[in-house]
Every structure is written in C-alpha cells, then in structure tokens.
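Residues 0 to 129 (numbering that gives the first Met the number 0) make up the sequence shown, in order. First the structure, in the form of structure tokens, and then the observations on it.
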Amino acid sequence: MANGVTVGEAAEMVGLTVHTLRWYEQEGLVEPIERDSAGRRRYCEDDIGWLRLLIRLRTTGMPVREMRRYAELVRAGDATLEDRLQLFVEHRERVLARIDELKQDLEMLDIKISLYGEMARAQQEMTTAR
C-alpha cells in the first residue's frame with residue numbers, strides 16, 4: 000500500500016461500497032482523503048484501519064451522530080481523552096444491554112426449536128406406526 004489504494008480497492012478491502020466511503024467522508028466520519036495528482040482518492044493503511052473501526056462501531060449499533068462525535072474528538076487531540084472514554088463506556092453499556100436482549104431472543108428460539116423438533120418426531124412416529 001506504498002502509494003495507497005483507490006476508493007474502489009479500499010471499499011473492497013473493508014466491505015463497503017464506494018458510495019458509502021464517499022458518504023463517510025462527506026459526513027465527517029473520515030478526514031478528507033489524500034488525492035493523487037489526477038485528483039483521485041488514495042487510501043493509506045491508517046485510513047483503512049480507521050474505516051474498519053467505524054464499521055465495528057456501526058455494527059455494534061453506534062449511531063452515526065456518535066461516530067461523528069468520536070471522529071471530531073479524535074481530531075481534537077489528547078485533550079479529549081476523557082470524552083472519548085465516556086463515549087465508549089456508554090456505548091459498551093448499550094452493547095451489553097443488546098447482548099442481553101439477544102440472549103433472551105436466543106432462548107425463545109431454542110424453546111421453539113425444541114418444541115417443533117418434538118412435534119415433528121411425534122408426527123413422524125405416528126406416520127410410521129400406520
């Protein structure tokens with residue numbers, strides 16, 4: 000990645016569309032990307048790492064406005080460390096709450112799988128017994 004990668008290559012590397020990468024930049028989630036002499040975006044390793052972090056944050060349910068806030072805090076420097084810490088602590092609590100909800104959902108699915116498994120076996124036994 001000596002001279003960086005194109006927007007298409009970056010999109011493929013991180014699993015987003017080119018449109019989404021450009022939107023991230025427009026929304027202030029990503030600092031303006033360096034451009035080559037022809038004006039084409041060139042993503043470096045740090046840019047790719049940042050995009051992967053943003054994707055993780057989004058995947059864990061962080062709203063775009065909070066992602067933007069985080070990006071602003073990072074750009075503002077070390078004076079914002081406490082604010083960044085607080086943002087991540089609060090987000091982590093929301094993620095843990097979501098995990099608890101998903102565990103309850105999983106329990107319900109397990110109950111239904113067990114129930115329908117028993118019903119299917121009973122139905123098969125009745126069919127076989129005839």
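Just so you know, even glycine gets a beta-carbon here, dropped at the ideal spot from N, CA and C.
- The alpha-carbon separation between P62 and E33 amounts to approximately 26 Å.
- Contact annotation, L53 with M66: C-beta distance approximately 6 Å; criterion of less than 8 Å satisfied.
- The bridge partners DSSP lists for Y42 are V4.
- Annotation: A121 to T59 spans about 41 Å, alpha carbon to alpha carbon.
- A buried status is given to G3, since no fewer than 16 other beta-carbon atoms sit within 10 Å of its beta-carbon.
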